[in-house]
Each structure stands twice: as C-alpha cells, then as structure tokens.
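Here the structure is laid out as structure tokens; the discussion comes afterwards.
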Amino acid sequence: MVNVPVPERYESPHMKLDTSTDPQVGFRPPGELDLAAALARYDGPFTRRDAAHLLRRAGFGSTASEVDTWASFGMNGAVDALLHPAQPDVAFDDYPDSTALFDPKTRNITAQMWWLDRMLRTQHPLVEKMTLFWHGHFATSYRKVPANLMVQQIDLFRDQALGHFGQLLLAVSKDPAMLVWLDNRYNNKAHPNENYAREVMELFALGLGNYTEDDVKNAARAFTGWTLDKNQSFIFRPNQHDDDPKTFLGRTGNFDGADIVSIIISQPIHQRFICRKLLEFFVYSDPEPELVDALASTYALSGGDIAKTVGTILRSNVFYSPRAYRALPKSPIEFVIGTLRFMNVRKVPKDTVAWLQRMGQEPLAPPSVKGWDGGPTWINTGTLLARFNYVNRVVKASPPAAPAGAMSAAPAVDLDTYAAFTPDDVVRQAGGMDSDRVLEAIVRDAIQDDLTSDVRETMRDYLDSKNATLPTPLGPENYQDKIRGALALVLNLPSNQLN
Amino acid sequence: MASRRSFISKGLGVAVLGGTLPSFLRTAAFAQPLPALGSSVDPDNVLLVIQMGGGNDGLNTIVPYSDDAYHRVRPVIGIPEQSVIKIDDRIGLNPVMTGLDDLYKDGNVAIVQAVGYPNPNRSHFEATQIWETASPENPVSSGWLGRYLDRTVSPRDAADPNHIFTAVALGDTVPTALIAQHVDVPAIGALNAFAYNAGRDASSKTTAGVLYDGAKPGQSPYLSLLETTARNALHGGDELRAKIASYKPAVTYPKDAFSQQLQLAAQIVASRVGTRIIFVSIGSFDTHAGQRAQQDRLLGYLSQGLRAFYTDLAAHGLADNVLAMTFSEFGRRVQQNASNGTDHGTAMPLFIVGGKVKGGVYGQHPSLTDLDRNGDLKYALDFRAAYATVLARWLGHDPSGIIAGTYDTVAFI
C-alpha cells in the first residue's frame, strides 16, 4: 500500500445521486421538512408509541412489556442502550452447532435458521438490524456462494455493524464470500476482472454515474491479486498484482485495493450516497436532498463513524416526527421476526424460511447484486397473502394438548415454537373477559392504538358477533379462539404492515 | 386443430429449416419483417413460458445422432441412434419425448436451435437473471415480461381485482421475468393457497375484508397501496375459484408436479380471467452426475405434460390461443464429465409449441467441433430475437422499449 496523499476534495461537477431507479421515489410522506430542526436532538416526551417505533426501526419489534421497559429509559437512555449495549448478548452457541456452521458442507437452510434465531433472540437488536442492513447493502447470495462463507460474511457485518464504513468496506473487499460473489478471486494482472471494481463504486459507495469506465478499469487493476487460497481464506498474491501506476478518480499513483477504498470514501458523493440509504432504511422513503446533505455533514465530521451517524438519526426530531411514524412498509424479515417477538415465540418455526420466500425476502438470497428494492416492491397480492397467512398460522396455533396417557409415544412437541403470549395473558391484562377491554388490551399491545374508530367497531363485532364458526359472544367457552382470532386480525391491519 | 396443422407443416417445407438447406437460406429464414403490430394478433392469445431450471443439456434433448463427434465426446451418456426419435437424417428427440413428438408430427412444435447470447455466463443465478431480464449487458430489476405488462396494463386496471390475473406465476414465487413497475403478478402455488387462510375461523376473512375496505387513508404514502393490494388479494382468489369451478379437464394429466401445474394453467386459460402470460418452472436440469436418469425423467414430464395440456386445450377449443415457449439459463458442456454428467455450458434449443406455431426445425444443430474459445457450443440465435418474435407476433407488441437492441424475428409464428 502506498500513502494516499491527504484527500483534497475531489468532486467533478456532474457528480450527483442518481435516484431514477429507486422504486421508493414517490413514497415520501406528505408535509414539509423542517430542515433546521430535523437532525437536532428530540427533546419531546418519549411515549410508549415512541419506544415501540424505536424498537421497530432500530430492532425487530418487541413484546408489549419490553415496550414499557424501554419507554422508561427515556429517549437518550434507550438509544444509548441500543448503540452501546452494556451486557453481553445472550448465548447462541447452542443453536444449531457453531462449528457445523463453518463447515463447507453447511446447508443453506441451516445458515438461514441460525441467522433468524439471532434476530429473534438477540438483546442487541440494533447490531443485528445493522447486520441486516449491510446484508442488503453488500447483497451476496447463497445461490453463488457456499453457506459457510455466507455465515462468515454475516459475522463480519455483525462485528463491524456500527464501526467505520471505510474499515468495513476494506474488510468486505477481502471477504471470501464477496471474492466469490463478484469474482475478484479471478482478478489478476494478465486477465483483469472488473466485476468487483465496478460494483464497489456503483452499488456499495458512490452510485451510478459518479465514475468513468476508466476508473473501473484502473480500480480493477488495483484489486488484482486479492484472491482466495485453497482453504477459501483471503490471500494477496503479489505475482498476480498489477504494480504499474493507475489513475483513479483524478489521482495517479501505484494504488492497491486499500488505496482505492480510501479514495472512494473520501468522495463527498459517497457521504451522500450512504446517508441517503441509511435515511431510507431508518426514517422514510425518498428523503429530501437537503436532509441527505445534512446527515452527510455529520457522517463526514465523524470520519465515517456508523454508530455516530445512526445515533444522530435515532435521536433526531425528524425520526420522532409524525411524517416518519409508520411511514415505511415492514420488510418481510421485520414483519416475521416482529410477529414472533410480539407473540413471545422463543424459537423460529421451521417453515419460516419458506414463508419468507413467499413474502419476497429469503435471507441470504437477495434477488440480485442490487439487493432488495424494498418500499412498494414488498407489497403485492402474493406477498400480502403470505403475510396474512403467516400471522394466522403463528397466532392461531396453540400447542396440541398433552395426550391423555402420559406415557404415550407421541412425537415430542417443541413448545418453544409456539407463542408464549396467550389469550390468558390478554384476559389478565384486560382484567376480565369483557370484549371492550379485551380489544383495548390487544390494540394497545399490538399496534399502540394505531387504528381508526371504524376498525374498532368492526373488531368489536368480530368478538361479539353471532357467526357460523364462532357463534357466541366472547366468553369462557370460546375466548381462546376468539382472542387468537382478534390478535391475528389486528396484526394483519394496514398499520402493522408499516414500521 | 389437426387438419390446419398438417397443411401448415407441409406448406412450410421451404421456410422451415432442416439440415439439408444451403446455409444462405438458413440465415435468411431467421429474419422476417415485423407484421403490422396488433393487426393480426388475437387479443386472447396467451403466452406460457416454461423455465427448465438448472441448465438443460441440449445435446441429449435434440440429439445429433448421426454425428460421430457426439458419440465420441459422450461414450456413456450419449444416446444411441436406434433409440432416438428421428426428426431428420441428422437429429432426433430424446427417446422419452414421445408426447412432444406427437405434437411435432402435428406441426405444432418449433425447435429453435443453438439459442444463446454473447459472453455467456455460467452462474445459474446470473445466467437466469440474464434470461429473465433480457439484459445481459447491465443488471436491471424488471423482467422482460414485466416491462411488457407495464406497457400494456393501465394503472387503473392494475388496481382492479378483476384484472389481477393478466399474468400469473405458477409456484410460490414471482420470477424475475415477471417483475414489473406497477403491475402486481400473483404467484399461485395451488388454487387453494392463493387465499386468505384462517382455518376454521371463516369470520376472520370476512372481517379482514371489512377492515381493509374500511381503513381510512392516513399519513403514510403506503396506505393506499396496501389497501388496494389487500382488496385484490382477498377477493381475487375467490373470483378465480368461482370462474374455474365449471372447468373439467378433457384428459387425465400425468401425476408429476409439472403436469399438474399445466393443468392449473389450462384451468386458468379456460376460465377466461383475462390472462395473457403464465409462467411455470420444471427442474432441476443441473445434471452434473448421473445425467441420463435425471434428465430423461424431467424431459418425460415436460413432453407428456405438454401433450396432455394441448390435448386438453384442443378439447376446449383453445389450442390455437396458447403459445408455450421453453427456456433454460444455459445448455451444458459438450463433453460428458467423470461422473456421467455434464457441467455448465452455453447454447441450447428452445421449444415453441402451440396450435398456431409453424412447426419444424429453425437453424442448424450447433457444431460439436467448431466451438467457442472455452470449448463450448457457439450460439446461432440471440435469445432476445426469440423474445422479440413472441412479443411482436404473438402478443402484438412492439419489442423496442422492452428488449434493448434490434433483432430480426424468427418465422416460427
């Protein structure tokens, strides 16, 4: 590695963010941005709704009682706890078997279930949420990469989830899964392969239109010799590396891959590129360019510190504004893990990956190098039916009653894959089986009262109606089915499709 | 359909390419001027796209049985001349494909030889993306059929439960080929699964419908999208089930999953819910080891399934309204490997099937000795020319704007 000269601000006039292929454009919430206050620290009240909003965006949702706990921390306390967890996370090594994960024979489903379990049980939700963000950003798929390398890559994202972007990008450039995914393992002096060099600029750091074909060629030459050894570990092979001078983004030197990474991240357009993506993930679709610029300044001042940048977002006025509230559709993973967490299911049901496929977000299998498009593309008839039916399946399933003969050889039921949150809990919270109070408890716990009076009326009819399947009003003989049914309906409401 | 078919297959003796034509005619017959768009195209035409996932070995599908080189490179998995179903004095069908042979003899099958594209990709995933987006040069997120839908379905129709079956993906997921900007394509694994399922709790569905119908648009710009989509999802499946109730298959379809999906396809066509495109998959053709057993089984499903499908459609008077087109992400290597299989290769044949297809063989069988620099089959026809042909001549839509570049259409329709 040569010393890159102290970056002078290099930005040609045509550098700008190309948002023409972003399907979220057009889904910016109505209303005006108050730019002066947007990123200033929020100092209003921190209610249950705010705490639930924070836990959905910065994590994967929670039980109702966790919302109460986090609300009691206050906004600053809650964000600090997310950014800098005081306690080590729960132990995961028991599931399924940590050594098996790194075996080249690991199956895709094993790796997927390992990660979903992390998301479900972690007590460091923001770290895992950022891990998912990086997975979508550096979209790599088991369809080309062995599962054990995918696991290794997810571990890398988790280790550096809230670190420095420059370090992360350098580590990703040497990551075995990435070297396979974008073919840099075949990139050598005699036959340069431009795949990684192009995507590192187009998809990971700068965006389309902010580099030339010559920049791609020269970056590819700088990454020559960054490859894999026979154990699938990163190795630099000097004899395959192109040592001649390269000109890249206006600078000339005998650059290697690390130099390319530092030059890329010194581009102001990079700061806006990454900040826009963080705002679309955490705040709302198609954020105003002025808001992107404001966050880009924070990011630049922090030296590319992800924790500081995300912290600024999570403490900001704009994050707690009505414009940001329930403004984004939940991704399928957010929806599924959120449902399991709310229902207090302790173990991810086995068929969950198949459901996530139907919903359009199979973990470790983004549809292309661009990752998931998100926004409106999450919502179609098939994916919405899958969401409805998954909720119905999880919420309405109760463990089979123990067989009458205790010594029966019936197959063991894994109670952890069933909801530990039961209709009895709802009745206890409601203080009785009165349908109004049961409904209040459900809508308060599940969706923080985000519903219209029409919906309340329809739900009350459901609990009290005389219909063919549940023909009597809510009462001791039917409360199990009725309350599960009402919970499922509430979790399938439009507001619960939104984060 | 049979009488008109036999007339066409005889009448096209010159335009249809076999191995005996001089090469200038072969090249010329690939090219055809575009018809006046929309003029001669039946608005009820349905395109059935069949994905042969995993990379189908073309050389054991359309077998060059008279070529010594074929038997030399495939001493174990090569198909001997006496078992091939002969098409002409050089090539024949895999022996399991008796069903497709019946359709071929009726003049309802076009075999399009050596289809591919420049700088072929050998990754399943990337090559599939290339075929489904029809954009080998730069990755795009919309599929080629998705772009067709965006240009032909108005936003109003896209939001109407009565129009949600313009395109249907049979299976659990919507393939990239059908990813559109504003048209939502339902994935239907089974008719019963395309439904709100609340078990015994029938009132749950009614209530869910009321909840979504009655929900007031709020602050989020996503609310109206959610409401429209939920309405389509909750009512669309019922609509389809109601219309399909009267359909009775005229044949017994084979029991395999692919043939069963074809029966669902026939049901959808027969129930006339405005469907133009149906997508179905069969696989896996990724035959790295023990190829003959695996590929023959799947080609049997494909072939017998298609015969049942077209017999059924003919009985319903619909065989002329459905055009089936196969594709696979790549063909396979010329040489068998050490496990009696074949590895990822390049060009492969496509089948185009239907009552209005001009049956025959289009293009020459790829040479097994004149290979590309990696030792793989050279392609003769860009797959985008086949797509352009289907768009222009079957769906009546100008391919430009959907397929980048200009391609001559092929005479198979």
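Just so you know, the protein sequences line up as chains X and E, in that order.
The first sequence maps to residues -4 to 494 in this note's numbering.
The second sequence maps to residues 306 to 718 in this note's numbering.
Note that beta-carbon positions come from the ideal geometry of N, C-alpha and C, so glycine has one too.
Query	Result
Below-8 Å beta-carbon distance, X:Ala396 vs any chain E residue	no
8 Å Cβ cutoff met for X:Thr219 and X:Asn183	yes
Cutoff 8 Å: X:Asn205 Cβ touching any chain E Cβ	no
Within chain X, the residues that E:Glu544 reaches when beta carbons sit closer than 9 Å	Those within 9 Å of E:Glu544 in chain X number zero; the least Cβ separation is about 12 Å.
Residues within the segment 368 to 397 of chain X neighbouring chain E, beta-carbon criterion of under 7 Å	Asp368, Pro371, Ile374, Asn375, Thr376, Gly377, Leu379, Leu380, Phe383, Asn384, Asn387 and Lys391
Spatial distance of X:Leu111 from X:Gln235 (CA atoms)	39 Å
Check whether E:Phe632 and E:Leu475 have beta carbons under 8 Å apart	no
Selection from E:Trp436, E:Leu450, E:Asp462 and E:Arg678 that minimises the alpha carbon distance to E:Leu696	E:Leu450
4 or more residues per run - each alpha helix (DSSP H) lying fully within the segment 31 to 55 of chain X	43 to 52
Residues that X:Thr447 bridges to, as DSSP identifies them	DSSP, once it has assigned bridges, lists no residue as partnering X:Thr447.
Any C-beta of chain E under 8 Å from that of X:Asn312	no
Identified DSSP bridge partners for E:Val420	E:Met653 and E:Leu686
Secondary structure of X:Leu164, DSSP reduced to three states	helix
Where the beta strand (DSSP E) through E:Ile587 begins and ends	Ile582 to Ile587
Beta carbon proximity, X:Asp75 to chain E, threshold 8 Å	no
E:Ile707 versus E:Tyr453: straight-line alpha-carbon distance, rounded	6 Å
Listed by chain order, chain E residues near X:Lys493 by CB distance under 7 Å	Correcting the residue type first, residue 493 of chain X is Leu in the shown sequence and not Lys. Near X:Leu493 (Cβ distances below 7 Å), the residues of chain E are Ser525 and Tyr527.
Backbone secondary structure at E:Leu398 - three-state DSSP	strand
Collapsed DSSP secondary structure at X:Thr502 in the structure displayed	The first residue shown for chain X is -4 and the last is 494, placing residue 502 of chain X beyond what the model contains.
Proximity to X:Asp444 [Cα-Cα], best of X:Val305, X:Ala31, X:Arg44 and X:Pro18	X:Arg44
Same chain, Cβ closer than 7 Å to E:Leu408, neighbours up to 5 away in sequence not counted	Val414, Leu611, Arg612, Tyr615 and Val658
Proximity to E:Asp489 [Cα-Cα], best of E:Leu496, E:His468, E:Asn497 and E:Asp477	E:His468
Given E:Ala538 as reference, the closest of X:Asn213, X:Tyr37, X:Arg271 and X:Ile374 once Cα atoms are compared	X:Ile374
Under the three-state DSSP convention, the category E:Gln337 falls into	Confidence at E:Gln337 is low in this model, with a pLDDT of 48, below 50, so its placement is unreliable and the value that follows should be read with caution. E:Gln337 falls in the strand class under three-state DSSP.
Rounded Cβ spacing between X:Lys365 and E:Pro444 (contact assumed at less than 8 Å)	7 Å
Environment of X:His557 [buried if 16+ CB atoms lie within 10 Å]	The question about residue 557 of chain X has no answer here: the residues shown for chain X are numbered -4 through 494.
Chain E contact residues for X:Leu484, given Cβ-Cβ distances below 7 Å	Ser509, Thr512, Ala513 and Leu516
Buried or exposed (CB count within 10 angstroms, at least 16 for buried), X:Leu203	exposed
Residues that X:Thr242 bridges to, as DSSP identifies them	X:Thr247
N-terminal and C-terminal residue of the alpha helix (DSSP H) that E:Met630 is part of	Per DSSP, E:Met630 belongs to no alpha helix (DSSP H); it is in the beta strand (DSSP E), Val627 to Phe632.
Three-state secondary structure (DSSP) of X:Ala122	The question names Ala, but residue 122 of chain X in the sequence shown is Val. DSSP places X:Val122 in helix when its eight states are reduced to three.
8 Å Cβ cutoff met for X:Met428 and X:Gly370	no
Check whether E:Val381 and E:Gly605 have beta carbons under 8 Å apart	no
Classification of X:Val85 by the beta-carbon crowding that lies within 10 angstroms, buried from 16 upward	exposed
In chain order, each beta strand (DSSP E) run of at least 3 residues that lies wholly inside the segment 189 to 275 of chain X	221 to 223, 229 to 231, 241 to 243 and 246 to 248
Three-state class that DSSP yields for X:Ser311 in the structure shown	strand
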